[in-house]
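Structure first, then comments.
2 protein chains.
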Amino acid sequence: MTDPQDLWPDVRPDAAKRLMAAAVDAFADRGFHATTTRDIATAAGMSPAALYVHFPSKAAVLFAISRTGHERALAMVETAAAGPGDAAARMRVLVARFTTWHATRHRVARIVQYELHALRPADFDVVADLRRRTERAVRDLIAEGAAAGVFTAPDTPTAARAILSLCVDVARWYTPESKPDPGTLGERYAELVMAMLGAR
Amino acid sequence: MTDPQDLWPDVRPDAAKRLMAAAVDAFADRGFHATTTRDIATAAGMSPAALYVHFPSKAAVLFAISRTGHERALAMVETAAAGPGDAAARMRVLVARFTTWHATRHRVARIVQYELHALRPADFDVVADLRRRTERAVRDLIAEGAAAGVFTAPDTPTAARAILSLCVDVARWYTPESKPDPGTLGERYAELVMAMLGAR
DNA sequence: TAGCTTCCTAAGCGCTTGCTTAGTCGCTGT
DNA sequence: ACAGCGACTAAGCAAGCGCTTAGGAAGCTA
């Protein structure tokens with residue numbers, strides 16, 4: 001279930017994918033700076049030098065993981081925001097899916113959300129743009145709902161921050177042993193957000 | 001304002017306090033593993049070896065910061081939970097103060113919340129206990145309110161997680177340039193939590 | 001002045017780090 | 001058969017790491 005490697009279906013060759021999967025485990029457990037290139041290569045069943053056949057540096061591995069993770073998250077949010085129904089219905093789907101993703105993919109999500117400071121400046125700029133677009137999608141949906149009278153949101157930017165915090169922070173504490181399961185958690189969080197926004 | 005050194009009024013001598021303040025800045029900016037003992041000592045205006053006059057290791061500096069930060073946070077939460085008024089009034093104060101603290105002290109809070117994995121096992125056990133007590137205080141307050149009929153909380157543990165996530169995550173994104181100011185943010189978040197819990 | 005204590009530094013040790021170099025293995029097409 | 005190529009390894013280098021050692025400067029007591 002939720003094999004990290006199906007996050008990158010088009011990464012070739014297979015060894016590069018195994019290296020990325022090993023790096024996800026290591027970065028999520030110990031953090032980027034506490035992980036050595038030897039850790040990653042050994043966990044992927046190769047010698048330390050094998051990493052440099054597929055990636056130019058350790059930082060490039062982090063960037064590949066972070067960028068694809070951000071792209072997935074943004075696509076999910078934008079798809080939900082553009083779905084059917086009124087603003088409340090779409091927000092409910094958005095929060096449920098975003099929360100469930102952070103629970104199911106908590107290792108990748110942890111890297112996406114908590115290893116930003118380890119990115120090189122140029123890499124950071126790329127993911128920062130993806131993050132801005134994610135936040136804007138949530139903000140626009142709140143504003144739309146408030147204008148239509150389905151939300152009683154007093155302060156759109158603060159509400160958007162609060163909603164994203166709720167979802168994102170799941171990656172910090174969620175483990176496979178946590179309860180409830182990712183799907184149920186997503187629905188409960190969606191319910192809490194509906195109440196928070198005063199959805200009628 | 002909010003000088004980090006007034007967090008440890010009884011740490012002596014003064015040089016130890018300056019080292020801790022320098023370590024807070026460095027750990028919050030770059031993370032524990034990306035910070036060198038030379039970074040800390042130099043920022044405190046001393047030679048690299050001076051750190052070892054006051055602390056037995058770099059890990060001990062982290063522990064001193066993390067433990068005192070956790071103690072402060074727990075004291076704040078327990079004080080608010082034991083204050084005057086009904087469960088809703090106390091929850092409002094708790095969330096407002098906890099959120100404001102994470103914004104005002106965002107550097108210390110970042111270490112408290114995001115450098116747990118860098119603690120040595122024995123040190124982690126100590127702060128894990130403080131964290132359990134913090135979470136329990138919030139959980140008990142929700143349960144009390146639900147029993148008294150002031151909250152319509154469907155799932156106490158999930159609601160507690162959500163509330164703590166909201167407050168804690170502030171440390172991740174808040175900067176001195178962020179808006180609104182810490183006090184206002186605390187009150188808005190308290191309002192959102194009241195709505196989330198269906199406080200009448 | 002002498003002796004002790006506290007606080008700090010100059011120098012550097014042993015080790016690990018990210019990454020490189022030179023070369024080997026096995027598969028593919030002709 | 002054999003050249004060409006992509007994937008991989010053994011060995012190791014230069015740099016930076018946490019931490020130690022030996023000692024000095026300043027202040028206090030007598």
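Those protein sequence lines, which keep their order, are chains A and B. Oh and the first sequence: position 126 is 126 in the UniProt record's numbering, straight run, nothing missing. Oh and the second sequence: position 157 is 157 in the UniProt record's numbering, straight run, nothing missing. All C-beta atoms in this analysis are idealised placements derived from N, C-alpha and C, irrespective of residue type, glycine included. Keep in mind it's a predicted model, so treat the numbers as computed, not measured.
Quiz item: Does the separation of the CB atoms of A162(B) and I142(B) fall below 8 angstroms?
Solution: The sequence position of residue 162(B) within the second sequence is 162, counting from 1. The sequence position of residue 142(B) within the second sequence is 142, counting from 1. The answer is no: Cβ separation not under 8 angstroms.
Quiz item: Quick one: is P182(A) buried, meaning 16 or more other Cβ sit within 10 Å of its Cβ, or exposed?
Solution: Within the first sequence, numbered from 1, the residue matching residue 182(A) stands at position 182. Buried is the call here.
Quiz prompt | Status (buried if at least 16 other CB within 10 Å, exposed otherwise) for K58(A) | solution = Numbered from its first residue, the first sequence carries residue 58(A) at position 58. It is buried - the Cβ of K58(A) has at least 16 other Cβ atoms within 10 Å.
Self-check item: Proximal chain B residues relative to D169(A), where beta-carbon distance stays under 7 angstroms
Solution: As a first step, residue 169(A) must be located in the first sequence, where it is residue number 169. Those within 7 angstroms of D169(A) in chain B are S165, V168 and D169.
Quiz item: Do V127(B) and S66(B) have their CB atoms nearer than 8 angstroms?
Solution: Counting from 1 along the second sequence, the entry for residue 127(B) is found at position 127. Counting from 1 along the second sequence, the entry for residue 66(B) is found at position 66. Contact flag set, yes.
Exercise. Check whether the stretch 18-25 of chain B touches the stretch 38-47 of chain B, taking contact to mean three or more Cβ pairs, one atom from each stretch, closer than 8 angstroms.
Key: Output reads yes: the stretch 38-47 of chain B touches the stretch 18-25 of chain B.
Quiz item: In whole angstroms, what is the alpha-carbon distance linking P121(B) and D123(A)?
Solution: Here residue 121(B) refers to the residue found at position 121 of the second sequence. Here residue 123(A) refers to the residue found at position 123 of the first sequence. For P121(B) and D123(A), the distance between alpha carbons rounds to 33 angstroms.
Practice problem: Kindly indicate if chain A contains any beta-carbon less than 8 angstroms away from that of R30(B). | Solution: As a first step, residue 30(B) must be located in the second sequence, where it is residue number 30. At least one chain A Cβ lies under 8 angstroms of R30(B).
Exercise. Tell whether a beta-carbon distance below 8 angstroms holds between A195(B) and F151(B).
Key: Along the second sequence, read from residue 1 onward, the residue named residue 195(B) stands at position 195. Along the second sequence, read from residue 1 onward, the residue named residue 151(B) stands at position 151. No, Cβ-Cβ distance for A195(B) and F151(B) is not below 8 angstroms.
Quiz item: Could you give the C-beta distance for T134(A) and L62(A), rounded to a whole number, given that I count them as a contact under 8 angstroms?
Solution: Locating residue 134(A) in the first sequence gives position 134, counting from the first residue. Locating residue 62(A) in the first sequence gives position 62, counting from the first residue. Not a contact, Cβ separation roughly 19 angstroms.
Exercise. For M196(B), return the contacting residues in chain A, with the cut-off set at a CB-CB distance below 7 angstroms.
Key: Here residue 196(B) corresponds to residue number 196 of the second sequence, with the count starting at 1. Simply L192, A195 and M196.
Quiz prompt | Unbroken alpha helix (DSSP H) run spanning W8(A), endpoints | solution = Within the first sequence, numbered from 1, the residue matching residue 8(A) stands at position 8. Taken as a continuous stretch (DSSP letters only), W8(A) belongs to no alpha helix (DSSP H), as it is neither H nor E.
Exercise. Using a Cβ-Cβ cut-off of less than 7 angstroms, list which residues of the UniProt domain "HTH tetR-type" (13-73) of chain A approach chain B; keep chain order.
Key: Listed in sequence order: R30, G31, H33 and A34.
Practice problem: Pull up the CB-CB distance for A28(A) and R131(A), whole angstroms please, since I reckon it's below 8 angstroms. | Solution: Start at 1 with the first residue of the first sequence, and residue 28(A) comes out as number 28. Start at 1 with the first residue of the first sequence, and residue 131(A) comes out as number 131. No, A28(A) and R131(A) are not in contact; Cβ-Cβ is about 19 angstroms, not under 8 angstroms.
Practice problem: Pick helix, strand or coil for L119(B), following the three-state DSSP scheme. | Solution: For the purposes of this step, residue 119(B) is taken as residue 119 along the second sequence, with counting starting at 1. Three-state DSSP puts L119(B) in coil, outside helix and strand.
Quiz item: Quick one: is W8(A) near chain B, going by C-beta distance under 8 angstroms?
Solution: Translated into positions along the first sequence, residue 8(A) becomes position 8. False, the Cβ-Cβ gap to chain B never drops below 8 angstroms.
Practice problem: Measure the Cβ-Cβ separation of L185(B) and T99(B) and say whether it is below 8 angstroms. | Solution: Working through the second sequence from its first residue, we reach residue 185(B) at position 185. Working through the second sequence from its first residue, we reach residue 99(B) at position 99. Yes. Within cutoff.
Quiz item: Can a CB atom of chain A be found closer than 8 angstroms to the CB of T158(B)?
Solution: Walking along the second sequence from the start, residue 158(B) turns up at place 158. For T158(B), the answer is yes, since a Cβ of chain A falls inside 8 angstroms of its Cβ.
Exercise. Out of V77(A), H102(A), A118(A) and R139(A), state which residue places its alpha-carbon closest to the alpha-carbon of P154(A).
Key: As a position in the first sequence, residue 154(A) is number 154, starting the count at 1. For the residues V77(A), H102(A), A118(A) and R139(A), the minimum Cα distance to P154(A) belongs to R139(A).
Quiz item: Does the beta carbon of residue 206(A) sit closer than 8 angstroms to a beta carbon anywhere in chain B?
Solution: Residue 206(A) lies beyond the stretch modelled for chain A, which goes from 1 to 200, so this question has no answer here.
Quiz item: Which runs of the alpha helix (DSSP H) fall wholly inside the UniProt domain "HTH tetR-type" (13-73) of chain A and span at least 4 residues, in chain order?
Solution: Complete alpha helix (DSSP H) runs here, min 4: 14-30, 37-43 and 51-54.
Quiz item: Since L185(A) is in the alpha helix (DSSP H), which residue starts that stretch and which ends it?
Solution: Within the first sequence, residue 185(A) is the residue found at index 185, counting from 1. Start and end: P182 to M196.
Practice problem: Tell me whether R200(B) sits in a helix, a strand or coil according to DSSP, three-state version. | Solution: Position 200 of the second sequence, counting from 1, holds the residue named residue 200(B). It is coil, neither helix nor strand.
Self-check item: Close-in-space but distant-in-sequence residues of the same chain around R97(A) (CB under 6 angstroms, 5 per side omitted)
Solution: Within the first sequence, the letter at position 97 stands for residue 97(A). Contacts found: M76 and A80.
Exercise. Just mark A103(B) as buried or exposed, buried being the case when its beta carbon has 16 or more other beta carbons within 10 Å.
Key: Residue 103(B) sits at position 103 when you count from the first residue of the second sequence. Result: buried.
Exercise. Using a threshold of 8 angstroms, state whether the C-beta atoms of H54(B) and A26(B) are closer than that.
Key: For the purposes of this step, residue 54(B) is taken as residue 54 along the second sequence, with counting starting at 1. For the purposes of this step, residue 26(B) is taken as residue 26 along the second sequence, with counting starting at 1. Contact flag unset, no.
Practice problem: Output the residue ranges of the alpha helix (DSSP H) runs that lie fully inside the stretch 86-154 of chain B and measure 4 residues or longer, sorted by chain position. | Solution: 87-104, 106-114 and 121-148
Exercise. Mark T35(B) as exposed unless 16 or more other C-beta atoms lie within 10 angstroms of its C-beta, in which case mark it buried.
Key: Taking the second sequence and counting its residues from 1, one reaches residue 35(B) at position 35. It is buried - the Cβ of T35(B) has at least 16 other Cβ atoms within 10 Å.
Quiz prompt | Per-residue DSSP class, three states only, for P157(A) | solution = Indexing the first sequence from 1 puts residue 157(A) at position 157. Looking at P157(A) - three-state DSSP - the assignment turns out to be helix.
Exercise. Report yes if the C-beta distance between V112(B) and Y189(B) is below 8 angstroms; otherwise report no.
Key: Working through the second sequence from its first residue, we reach residue 112(B) at position 112. Working through the second sequence from its first residue, we reach residue 189(B) at position 189. Going by C-beta atoms, V112(B) is not nearer than 8 angstroms to Y189(B).
Exercise. Go through its chain and collect everything with a Cβ distance to G83(B)'s Cβ below 7 angstroms, but skip five positions before and after it.
Key: Start at 1 with the first residue of the second sequence, and residue 83(B) comes out as number 83. The answer, listed in chain order, is R90 and V93.
Practice problem: Could you tell me which chain B residues have their CB closer than 9 angstroms to the CB of A143(A), listed as they occur along the chain? | Solution: Reading the first sequence from its first residue, position 143 is the one you call residue 143(A). Per Cβ cutoff of 9 angstroms: no residues; A143(A) is ~16 angstroms from chain B at best.
Self-check item: Boundaries (first-last residue) of the alpha helix (DSSP H) holding A171(B)
Solution: Stepping through the second sequence from its first residue, residue 171(B) is reached at position 171. Looking at the DSSP string, the run of the alpha helix (DSSP H) that includes A171(B) is V170 to W173.
Quiz item: Would A146(A) pass as a contact of T156(A) if the rule is Cβ separation under 8 angstroms?
Solution: Against the first sequence, residue 146(A) aligns to sequence position 146. Against the first sequence, residue 156(A) aligns to sequence position 156. In this structure, T156(A) lies closer than 8 angstroms to A146(A) by Cβ.
Exercise. Alpha carbon to alpha carbon, how far is A49(A) from W8(B)? Give it in angstroms, no decimals.
Key: By one-based count along the second sequence, residue 8(B) stands at place 8. By one-based count along the first sequence, residue 49(A) stands at place 49. So the alpha carbons of these two residues sit roughly 46 angstroms apart.
Quiz item: Rounded to the nearest angstrom, how far is the Cβ of A171(A) from that of H106(A), given a contact under 8 angstroms?
Solution: Residue numbering aside, residue 171(A) sits at position 171 when the first sequence is read from its first letter. Residue numbering aside, residue 106(A) sits at position 106 when the first sequence is read from its first letter. The pair is a contact, with the Cβ atoms about 5 angstroms apart (cut-off 8 angstroms).
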